[in-house]
Amino acid sequence: MKIITGATLIDGTGKPPRTDSAVLVTDDGRIEAVGHREALATPENTEEIDATGMTLLPGLIDCHDHLSSFTYDLIGRWGLAEAQSLRHLRIAKVMEETLLTGYTTIRDCGWLDVGFKQAVEQGLIAGPRLLVATTPLSPTHGMADRSSPSGHHQPPSPDPNLPVGIADGVDQVRAKVREVVRVGADLVKVFQTGWARPHHGSLDVAFNRDELAALVSESHIHGRKVASHAVGGPGLRMSIEAGVDSIEHGSYLNEDPDLLRMMADKGIFFVPTFVVFNFHREVGTPEAQAEAGDFRQHHVESVQKALAAGVKVVAGTDAGGWVHGNNAQELECLVDAGMTPMQALVAGTGWAAECCGLEKQVGTVQKGKFADLVVVDGDPLKDIRVLQDKTRIKLVMKEGKVYSNLLAEQTAG
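For the sequence shown, the residue numbers in our numbering are 1 to 413.
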């Protein structure tokens with residue numbers, strides 16, 4: 001057994017921090033007890049990890065990542081200039097780097113095959129716990145359609161293990177959901193609007209109402225949540241009315257208060273993904289730069305109005321080369337948008353676990369849950385940016401296994 005002692009505990013529920021805490025971890029990777037250091041009984045032969053003066057958090061969660069995407073240019077992004085084996089090793093490296101920054105769970109929203117999840121579970125590689133969408137879905141001429149105005153088509157998928165994501169008509173949509181479930185999808189990702197491509201306007205509608213209703217119904221039949229890429233316009237409303245489980249991006253939610261009320265009533269999560277818009281504003285195509293600049297203020301207002309309406313806002317980066325290993329930028333963006341540091345931390349832990357459907361396993365430091373724990377040198381309630389400083393991430397534990405322990409190095413030194 002292990003016990004982490006002396007830290008100030010922020011448990012992911014939003015409750016006030018607890019000083020001089022102790023968290024007891026069983027050999028099978030579960031949290032056995034949480035309490036005050038002086039009050040918590042320690043069994044014999046328990047390994048003590050002294051985190052005095054530090055902050056202890058649940059493992060962080062990114063609800064919208066793309067671990068298989070590395071650069072903005074299409075040749076690099078889709079791995080057209082390298083062998084699949086090299087690409088896969090690069091993904092494994094990104095996964096390890098992400099874990100070592102304190103992110104113990106990642107929901108990958110497109111183009112990562114289930115083999116990476118299985119490799120983590122089997123201990124072949126080090127990485128976060130993964131939920132994978134495999135291939136995102138859209139109709140012809142939607143975001144999953146990789147044709148281009150030039151007539152030169154991108155590959156249907158960056159990985160030959162993944163199915164093509166295009167479906168037209170109710171029957172094809174249901175069949176395509178079954179296909180991604182068959183290849184191991186933990187959730188179903190749908191492109192219900194466009195964005196950031198010359199022939200995909202940000203407010204264009206993808207699936208019609210019948211198709212989207214069929215997609216949500218079939219996904220739920222198979223126990224899969226639906227994450228809808230929906231920036232605004234009719235596609236955003238259609239997603240909410242159809243009962244998807246999370247809205248990804250949702251920039252223009254601020255324009256219609258009815259949407260936020262519906263989201264709160266239906267328990268639909270909001271994943272704003274600020275970081276990717278910041279990136280597009282800096283280095284994107286001219287079209288993407290123009291749109292990203294307009295999105296910023298809408299995004300801020302949408303987050304503020306969502307919180308006021310009772311919608312749970314959760315952290316997701318839409319990482320794809322520009323954020324890998326620094327996912328905590330999103331928490332800073334949420335604070336800049338008006339969330340308190342505590343709200344931002346809950347968005348990246350407790351609420352994020354709920355969005356992923358993992359609230360009974362991770363997201364908070366409570367008895368019976370997996371011991372996904374992070375120790376940071378600093379107080380993120382005073383400065384959320386401490387989570388971006390890799391030298392201050394002193395301990396990373398996932399399911400009771402220690403993957404990084406700079407506390408031990410400090411003691412030895």
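Beta carbons are placed, not taken as given, at the ideal position from N, Cα and C, and that holds for glycine.
- DSSP, reduced to helix, strand and coil, places residue 246 within a strand of the structure shown.
- The beta carbons of residue 58 and residue 27 sit no closer together than 8 Å.
- Taking 3 residues as the shortest admissible run, the segment 279–364 contains no complete beta strand (DSSP E) segment at all.
- Residue environment for residue 113: buried (at least 16 other C-beta atoms within 10 angstroms of its C-beta).
- The C-alpha of residue 401 is placed about 27 Å away from the C-alpha of residue 134.
- By the criterion of a C-beta distance shorter than 7 Å, residue 251 is surrounded in its chain by 231, 232, 295, 298, 299, 302, once the five residues flanking it on both sides are discounted.
- Between residue 90 and residue 70, the gap from beta carbon to beta carbon is short of 8 Å.
- Put simply, the backbone Cα of residue 408 is about 34 Å away from that of residue 339.
- Considering only 219, 224, 208, 223, the residue with the shortest C-alpha distance to residue 237 is 208.
- Taking 8 Å as the cut-off, the beta carbon of residue 349 is found no closer than this to the beta carbon of residue 368.
- Approximately 41 Å separates the beta-carbon atoms of residue 110 and residue 50; this is outside 8 Å, ruling out the contact.
- Here DSSP, grouped into helix, strand and coil, assigns residue 166 to strand.
- For residue 396 against residue 34, the beta-carbon gap comes to about 19 Å, at or over 8 Å, which does not count as contact.
- In the pairwise beta carbon analysis, the segment 86–105 is classified as touching the segment 372–385: at least three pairs are separated by under 8 Å.
- Note on geometry: alpha-carbon atoms of residue 43 and residue 267 lie some 41 Å from one another.
- With respect to the 8 Å criterion, residue 317 and residue 275 are classified as neighbours on the basis of their beta carbons.
- Looking from the CA of residue 220, the closest CA among 244, 31, 359, 39 belongs to 244.
- In summary, residue 182 is exposed, with fewer than 16 beta-carbon neighbours lying within 10 Å of its beta-carbon over all protein chains present.
- Taking 8 Å as the cut-off, the Cβ atoms of residue 136 and residue 168 do not count as close.
- Annotation for residue 397: the continuous beta strand (DSSP E) segment containing it runs 393–398.
- In this chain, residue 50 is not harboured by any alpha helix (DSSP H); it is covered by the beta strand (DSSP E) spanning 47–50.
- Annotated three-state conformation of residue 62 is strand, per DSSP.
- Note on geometry: alpha-carbon atoms of residue 188 and residue 65 lie some 14 Å from one another.
- Residue 242 sits away from residue 205, with the two beta carbons spaced by 8 Å or more.
- If you check the CB distance, residue 224 and residue 186 come in under 8 Å.
- Per DSSP, residue 98 is not a residue of any beta strand (DSSP E); the alpha helix (DSSP H) it occupies stretches across 84–100.
- Judged by DSSP in its simplified three-state form, residue 44 adopts coil rather than helix or strand.
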